[in-house]
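Scroll down for the structure; my scribbles are underneath it.
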Amino acid sequence: MIRSLAVGPDAETFHVDGHRFNLEMRWPKSTSVSTMTYGVSERQSLILEGGAGGPQGRPGDYLYMNGVGRRFRQGAWGMIRVLGKQVPQLQPLPGTSVPLGGSPLPTPTGGRPPASPASGNPCPNGAPERHFKISAVDRPVGSPLGTLAAFVPTPDAAAVESGALRPEPLVMHAAAGECIVAELTNRRSIRASLHADELVRSQESAGINIGYGPEQTAAPGESRVYRYYADTRDIGSAQLSDYGDVDSGRDGLYGAIVVADKGAKFYDSRSGAPTSVGSQVDVHLPSGDAYRDFTLNLADDDPVI
């Protein structure tokens with residue numbers, strides 16, 4: 092459990108990466124989130140689903156932070172270190188068991204070790220896979236709304252870079268029980284990563300360089316694969332972001348992954364063609380029911396707001 096108290100004069104947020112908790116602590120079926128918003132002097136008690144290490148209890152280093160950009164830059168962040176075995180310095184809480192085997196987190200010996208997604212696959216055997224090819228691109232100077240970068244489907248990357256196509260915030264769709272395999276190609280002039288909140292993932296797909304974790308970003312011109320598991324429909328919508336540069340969300344690198352019911356299929360709301368990307372899609376369920384899914388992304392860097 093994490094107890095948080097807002098002591099500043101503004102509305103703040105508290106984000107725990109790689110973990111989830113219920114929006115309403117006393118209602119287990121409430122919305123599953125990884126960020127809590129609270130006002131002046133408001134207190135919250137966050138019960139982490141699965142405890143330390145997230146739903147799958149994975150060891151590693153996890154970022155916690157104030158999700159307000161300027162607060163994050165001012166130093167409102169820290170790290171939760173979840174060890175892979177019992178160590179003399181920490182004793183397990185009463186009523187819990189801690190494995191004695193395994194190995195503690197590695198100690199870097201000059202640079203970050205390379206990621207090995209195959210050994211860190213969070214998806215159970217037999218889970219159906221949904222594949223995405225995504226690019227991080229720089230937008231032309233003077234683009235509408237002043238955004239400087241974007242996550243876009245890789246087939247659209249060249250058109251967005253030339254200014255021929257105006258992108259919308261990236262929205263990816265998946266069904267509960269699916270393994271999401273996202274290949275990110277970095278076409279920017281600086282490093283980029285793909286970070287997804289709430290979905291189950293391993294340290295190899297965290298998207299954030301922190302602590303002893305392996306390298307998470309792609310250099311300009313490089314590609315890398317991130318794997319996530321959409322274990323439950325309760326995730327709803329999960330935020331996509333970049334941690335390859337400082338506050339790159341302000342430049343336009345953000346989006347969402349929306350998780351629908353198990354077995355759902357997705358179609359373009361205009362053409363009717365199958366698709367897994369778009370802010371407006373038609374969702375068809377195995378029961379025969381269908382609905383139109385709209386996703387709205389909000390971004391604001393006004394310090395007063």
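Numbering (our numbering), first residue to last: 92 to 396.
Note that the Cβ used here is the ideal one computed from N, Cα and C, for glycine as well.
Asked                                                                                                                                                                 : Found
Counting C-beta neighbours from all protein chains within 10 Å, is the total for Val178 16 or more, i.e. buried, or is it exposed?                                    : exposed
Where DSSP assigns a beta bridge to Trp151, which residues make up the other side?                                                                                    : The amino acid at residue 151 is misidentified as Trp; the sequence shows Gly. According to DSSP, which records beta bridges pairwise, Gly151 is partnered with Val173.
Can you tell me whether Arg318 is buried or exposed? The criterion is at least 16 other CB atoms within 10 Å of its CB, across all chains shown.                      : buried
When the distance is taken between beta carbons, is Thr386 closer than 9 Å to Val349?                                                                                 : yes
Less than 9 Å between the beta carbons of Ser314 and Leu275, yes or no?                                                                                               : yes
Just how far apart, CA to CA, sit Leu279 and Pro311?                                                                                                                  : Note that residue 279 is Arg in the sequence shown, not Leu. Whole-angstrom Cα-Cα distance: 6 Å.
Report the option in Arg257, Asp108, Phe112 whose CA atom is closest to the CA atom of Glu140.                                                                        : Phe112
With a threshold of 7 Å on Cβ separation, who are the neighbours of Val432 within its own chain once the five nearest residues in sequence on each side are excluded? : With the chain represented from 92 up to 396, any question about residue 432 goes unanswered, as that position is not in the structure.
Figure out for me which residue from Thr104, Thr128, Ser188, Arg221 has the closest Cα to the Cα of Trp168.                                                           : Thr104
If you reduce the DSSP assignment to three classes, tell me which class Asp391 lands in.                                                                              : coil
Report buried or exposed for Pro183, applying the criterion of at least 16 other Cβ atoms within 10 angstroms of its Cβ.                                              : exposed
With Ser332 as the anchor, note down where its beta strand (DSSP E) starts and where it stops.                                                                        : 328-332
Going along the chain, which unbroken runs of the beta strand (DSSP E) with 3 or more residues stay wholly within the segment 281-347?                                : 314-320, 328-332
With the cut-off set at 9 Å, would you say His106 and Met156 are in Cβ contact?                                                                                       : yes
Check whether the segment 295-308 and the segment 217-225 are in contact - that is, three or more C-beta pairs closer than 8 Å.                                       : no
Would the beta-carbon of Glu133 fall within 9 Å of that of Leu96?                                                                                                     : yes
Which residues mark the beginning and the end of the beta strand (DSSP E) in which Ser226 is found?                                                                   : 220-229
According to DSSP, Cys270 sits in a beta bridge with which residue or residues?                                                                                       : Glu220, Tyr320
If you run the structure through DSSP and keep just helix, strand and coil, what is Glu259?                                                                           : coil
So what's Val251 in DSSP terms, helix, strand or just coil?                                                                                                           : helix
If we ignore side chains and look at the alpha-carbon of each, how far apart do Gln180 and Ala297 end up?                                                             : 27 Å
With DSSP as the reference, identify every bridge partner of Ile93, one or two as the case may be.                                                                    : Leu137
Ignore the nearest five residues each way along the sequence and tell me which others in Ala102's own chain have a CB closer than 6 Å to its CB.                      : Gly130
Once you ignore the five residues that flank Ala209 on each side, which residues in its own chain have a CB closer than 8 Å to its CB?                                : Residue confidence is low: Ala209 scores 46 on pLDDT, short of 50, so the model does not pin down where it sits. Its coordinate-derived value is still stated next. Closer than 8 Å at Cβ, skipping near neighbours: no residue.
With a cut-off of 8 Å on the beta carbons, I'd call Ala329 and Gly268 a contact; round off their distance for me.                                                     : With a Cβ gap of about 15 Å, Ala329 and Gly268 do not count as contacting.
Can you tell me which of the three DSSP states Pro183 falls into?                                                                                                     : coil
Provide the residue span of the alpha helix (DSSP H) that contains Arg164, from first to last.                                                                        : 160-165
Checking 9 Å against the spacing of the C-beta atoms, do Tyr240 and Asp229 come in under that value?                                                                  : According to the sequence as given, residue 240 is Ala; it is not Tyr. Yes. Within cutoff.
Measure from the alpha carbon of Asn212 to the alpha carbon of each residue in Glu295, Asp152, Ser284, Ser226, then state which is nearest.                           : Glu295
Using a 10 Å radius around the Cβ and a threshold of 16 neighbouring Cβ atoms, would you call Asp380 buried or exposed?                                               : exposed
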